[in-house]
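K.L.:
My structure is below; once you've seen it, I'll send some questions.
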Amino acid sequence: MMDLLTDLLIGLPDQRPGGLLLSMLSAIVAAACAVVLGTLYATLCAAVPLPSMVLQAGLALLRGVPLLLLIFALGQATTLPLAATGFVALSLYSLSHVGETLRSYLAAYPKALREQATLLTLSKTREWLMLRVPWTIRHSMDALGTHWISLLKDTGALTVLGIGELTTVARLLSERATTSEWLLILLLAAALYLLAVLTLIRALAAMKTRLAGKGM
Amino acid sequence: MASAFGTQVLGTVVLWTLSGTIAVAVAMVLAALSMGRQRVIRLFADALITFTRGVPTSLLVVGAGIGAMARPAPTWLVNVFPGTSPGLTLVAWAVTIALAFGSTGHLAIIFRTGYASLGAARLEQATLLGLTPTRRFALLLRESATATSAPLGARLVHHLHNTAFAALFPVADFFGWIQQRANETFEVSRYAAIGVAVYVVLSLLIWAMFRGLELWLGIPTRRRTRPAGQLGPVIT
Chain A
1 MMDLLTDLLI GLPDQRPGGL LLSMLSAIVA AACAVVLGTL YATLCAAVPL
51 PSMVLQAGLA LLRGVPLLLL IFALGQATTL PLAATGFVAL SLYSLSHVGE
101 TLRSYLAAYP KALREQATLL TLSKTREWLM LRVPWTIRHS MDALGTHWIS
151 LLKDTGALTV LGIGELTTVA RLLSERATTS EWLLILLLAA ALYLLAVLTL
201 IRALAAMKTR LAGKGM
Chain B
1001 MASAFGTQVL GTVVLWTLSG TIAVAVAMVL AALSMGRQRV IRLFADALIT
1051 FTRGVPTSLL VVGAGIGAMA RPAPTWLVNV FPGTSPGLTL VAWAVTIALA
1101 FGSTGHLAII FRTGYASLGA ARLEQATLLG LTPTRRFALL LRESATATSA
1151 PLGARLVHHL HNTAFAALFP VADFFGWIQQ RANETFEVSR YAAIGVAVYV
1201 VLSLLIWAMF RGLELWLGIP TRRRTRPAGQ LGPVIT
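If you're matching them up, the sequences are chains A and B in order.
Numbering-wise, this note's numbering puts 56 at position 56 of the first sequence, and it's gapless, one number per residue.
Take any residue in the second sequence, note its place counting from 1, add 1000, and you have its number in this note's numbering.
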């Protein structure tokens, strides 16, 4: 039982880090990359709305592509190692959602705050870094949080490449197990996902409370 | 090749329609139960909603598929899945139910939010009209469609993307065909492009279907989109 739990948590002995650890690492790295790139994308869209339409159309197209297809296409068409392919696919997928969220919030940045920045004689770059980006991130936190929860669950799609995250480990162990054991394995994996998702929901709620406590 | 392509696309459409219909029906029941008077039933419905929202569809499909693969398909089970061999009917149904279960929790939350958005006054009005439960349900469904149609459409597009998990088992679906053809011919870019085109078209059709539904129900077009959660300009 302990061996099974260890495999599900950190991966099979010859494929570590894997399991839930790899699922969480993949989700965190992809989410971080997507937020950085998404902020740049949103800024570009706000600065040059018309020329950025091509980029916006590209991202809209990317949103229409199933994550599984994206992972499969990248896995087959590139020579990247499997784990890197997974990270890139998840980052692109996350960017297609996060980029649009950040773009809409950045576009809704209040005029009054812009005027305040002008009165304070802040440079464009300082205004962007000190006011616009923090305001956008803070106000889009609900939408971003929902997407991050979805992203954590979507790491299960990496199983199509055989990357040893939690779904793949559960699948491999279940296929080898007896009929009575496979249900236990899958229930344990489901419980781990549920625990991770509930922890993330709590962390996001705590982050929101903390931001609100700081007057944000 | 053309007929195989058509069969696999049809396979995805059948999977989406069946699992989507089951998901919507169960979600409505769960949403209603989660707002019921009895605490035990409310807790049960909430637990089920949380479970389906917290567990990835991929894992649900893997579980259902592995469980069904070990058993022969009962003779009474109808094979409605084009391109799937009759011996794998049970696997196809298990995958369909797992796909439905994967979306149920999300859909239940959408329905519950839509119901709550009607407000106490309108809900009381609906009660005072003295309608039969069925007619009251239809009225409330129509009234709450203003809030639910857009997220429901978006979720069903996501649900379409999730049908690709059926390819983990020998159940005929479009993504499985893309994978198979790309591996057989090594023309990955070509088949990936076909896949993108078909999924984008199917997603657009779902979007158009919901826009049509909104027009039919007389829901006004959203002229200006304000980001969710933002009540107005906030000066900090």
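We treat Cβ as the ideally placed atom computed from N, Cα and C, and that holds for glycine.
Consider the Cβ of B:His-1161: report whether some Cβ of chain A lies at a distance smaller than 7 angstroms.
P.N.:
Yes, its Cβ sits closer than 7 angstroms to a Cβ of chain A.
K.L.:
Please list the residues of the stretch 1165-1187 of chain B that have a C-beta atom closer than 9 angstroms to any C-beta atom in chain A, keeping them in chain order.
P.N.:
Going along the stretch 1165-1187 of chain B in chain order, one finds Phe-1165, Ala-1167, Leu-1168, Phe-1175, Ile-1178, Gln-1179, Ala-1182, Asn-1183 and Phe-1186 with a Cβ nearer than 9 angstroms to chain A.
K.L.:
Using a Cβ-Cβ cut-off of 7 angstroms, state whether A:Trp-148 counts as contacting chain B.
P.N.:
It does not: the Cβ of A:Trp-148 has no partner Cβ on chain B nearer than 7 angstroms.
K.L.:
Against chain A, does B:Leu-1015 count as a neighbour if the rule is that its beta carbon must be under 7 angstroms from one of theirs?
P.N.:
So, not an interface residue.
K.L.:
So with Cβ pairs under 7 angstroms, would you call A:Leu-66 a contact of chain B?
P.N.:
Per the sequence shown, residue 66 of chain A should be read as Pro rather than Leu. Yes, A:Pro-66 counts as interfacial toward chain B.
K.L.:
State yes or no: is the beta carbon of A:Tyr-193 nearer than 7 angstroms to at least one beta carbon in chain B?
P.N.:
Yes, A:Tyr-193 counts as interfacial toward chain B.
K.L.:
Could you tell me how far apart the beta carbons of A:Val-98 and A:His-139 are, in whole angstroms, since I believe they sit closer than 8 angstroms?
P.N.:
With a Cβ gap of about 14 angstroms, A:Val-98 and A:His-139 do not count as contacting.
K.L.:
Quick one: is A:Asp-3 buried, meaning 16 or more other Cβ sit within 10 Å of its Cβ, or exposed?
P.N.:
Answer is exposed; the Cβ neighbour count stays below 16.
K.L.:
Between B:Tyr-1115 and B:Leu-1156, what straight-line distance do the alpha-carbon atoms span, to the nearest angstrom?
P.N.:
Using only the alpha carbons, I get a separation of about 19 angstroms.
K.L.:
For B:Glu-1124, count neighbouring Cβ atoms within 10 angstroms of its own Cβ and tell me buried if that reaches 16, exposed if not.
P.N.:
With fewer than 16 Cβ atoms within 10 Å of its Cβ, B:Glu-1124 is classed as exposed.
K.L.:
Grab the span of the alpha helix (DSSP H) containing B:Thr-1084 for me, first residue to last.
P.N.:
Neither: B:Thr-1084 is in no alpha helix (DSSP H) and is coded neither H nor E.
K.L.:
Would you grab the beta carbon distance between A:Ala-77 and B:Val-1188 for me? Rounded to a whole angstrom, and I think it's under 8 angstroms.
P.N.:
That pair is a contact at about 5 angstroms.
K.L.:
Which residues, in chain order, does the stretch 170-184 of chain A contribute to contact with chain B at a C-beta distance below 8 angstroms?
P.N.:
The stretch 170-184 of chain A vs chain B, Cβ under 8 angstroms: Ala-170, Arg-171, Ser-174, Glu-175, Thr-179, Trp-182 and Leu-183.
K.L.:
Step through the CB atoms of chain A and report whether any lies within less than 7 angstroms of the CB of B:Val-1009.
P.N.:
So, not an interface residue.
K.L.:
Relative to the alpha-carbon of B:Leu-1090, which residue among B:Phe-1210, B:His-1158 and B:Gly-1067 has its alpha-carbon at the smallest distance?
P.N.:
Of the candidates B:Phe-1210, B:His-1158 and B:Gly-1067, the one whose C-alpha sits nearest the C-alpha of B:Leu-1090 is B:Gly-1067.
K.L.:
Roughly how many angstroms separate the alpha carbons of B:Pro-1056 and B:Gly-1102, rounded to a whole number?
P.N.:
Their backbone Cα atoms lie some 7 angstroms apart in a straight line.
K.L.:
Determine, for A:Gly-11, whether the minimum Cβ-Cβ distance to residues of chain B falls below 7 angstroms.
P.N.:
Not an interface residue.
K.L.:
Just mark A:Ala-31 as buried or exposed, buried being the case when its beta carbon has 16 or more other beta carbons within 10 Å.
P.N.:
When all chains shown are included, A:Ala-31 counts as buried.
K.L.:
Say whether chain A places a C-beta atom closer than 7 angstroms to the C-beta of B:Ala-1192.
P.N.:
True, the Cβ-Cβ gap to chain A drops below 7 angstroms.
K.L.:
Taking A:Trp-128 as the reference, which of A:Cys-33, A:Ser-174, A:Leu-119 and A:Tyr-109 has the closest Cα?
P.N.:
Measuring from the Cα of A:Trp-128, the nearest candidate turns out to be A:Tyr-109.
K.L.:
To the nearest angstrom, report how far apart B:Gly-1176 and B:Val-1095 are at their CA atoms.
P.N.:
For B:Gly-1176 and B:Val-1095, the distance between alpha carbons rounds to 14 angstroms.
K.L.:
What are the residues that DSSP puts in a beta bridge with A:Glu-165?
P.N.:
According to DSSP, A:Glu-165 bridges with A:Gly-19.
K.L.:
Around the C-beta of B:Asn-1162, are 16 or more other C-beta atoms found within 10 angstroms, so that it is buried, or is it exposed?
P.N.:
It counts as buried.
K.L.:
Going along chain A, which residues have a C-beta under 7 angstroms from B:Phe-1051?
P.N.:
Leu-194, listed in chain order.
K.L.:
Would you verify that the beta carbon of B:Ile-1022 is, or is not, closer than 7 angstroms to some beta carbon of chain A?
P.N.:
Answer no: the Cβ-Cβ gap between B:Ile-1022 and chain A never drops below 7 angstroms.
K.L.:
Keeping to the same chain, check which residues put their C-beta closer than 7 angstroms to that of B:Ser-1139; ignore five residues upstream and five downstream.
P.N.:
This sequence places Leu at residue 1139 of chain B; Ser is not what is there. Excluding positions up to five away in sequence, the list reads Ala-1126 and Leu-1131.
K.L.:
Using a Cβ cut-off of 7 angstroms (strictly closer), state whether B:Ser-1149 contacts chain A.
P.N.:
Judged by the 7 angstroms Cβ criterion, B:Ser-1149 is not in contact with chain A.
K.L.:
Would you verify that the beta carbon of B:Val-1200 is, or is not, closer than 7 angstroms to some beta carbon of chain A?
P.N.:
Answer yes: the Cβ-Cβ gap between B:Val-1200 and chain A drops below 7 angstroms somewhere.
K.L.:
Between the C-alpha atoms of B:Phe-1005 and A:Ser-96, what's the straight-line distance to the nearest angstrom?
P.N.:
Approximately 28 angstroms between the Cα atoms of the pair.
K.L.:
Can you find a C-beta in chain A that's less than 7 angstroms from the C-beta of B:Gly-1065?
P.N.:
Cβ-Cβ to chain A under 7 angstroms: no for B:Gly-1065.
K.L.:
Is it the case that the Cβ atoms of A:Leu-186 and B:Gly-1195 are separated by a distance below 7 angstroms?
P.N.:
No, Cβ-Cβ distance for A:Leu-186 and B:Gly-1195 is not below 7 angstroms.
K.L.:
Interface residues of chain B around A:Gln-76 at Cβ under 7 angstroms?
P.N.:
Ordered by position in chain B, the residues that pass the 7 angstroms Cβ test against A:Gln-76 are Ala-1182 and Val-1188.
K.L.:
I need the DSSP call for A:Ala-47, collapsed to helix, strand or coil.
P.N.:
Of the three classes helix, strand and coil, the one that applies to A:Ala-47 here is helix, per DSSP.
K.L.:
Select from A:Arg-210, A:Cys-45 and A:Lys-124 the residue whose C-alpha is nearest the C-alpha of A:Leu-102.
P.N.:
Nearest C-alpha to A:Leu-102: A:Cys-45.
K.L.:
Hey, is the stretch 8-25 of chain A in contact with the stretch 166-175 of chain A, meaning 3+ C-beta pairs nearer than 8 angstroms?
P.N.:
Touching, yes, given that three or more Cβ pairs across the two stretches are closer than 8 angstroms.
K.L.:
Say whether chain B places a C-beta atom closer than 7 angstroms to the C-beta of A:Thr-39.
P.N.:
False, the Cβ-Cβ gap to chain B never drops below 7 angstroms.
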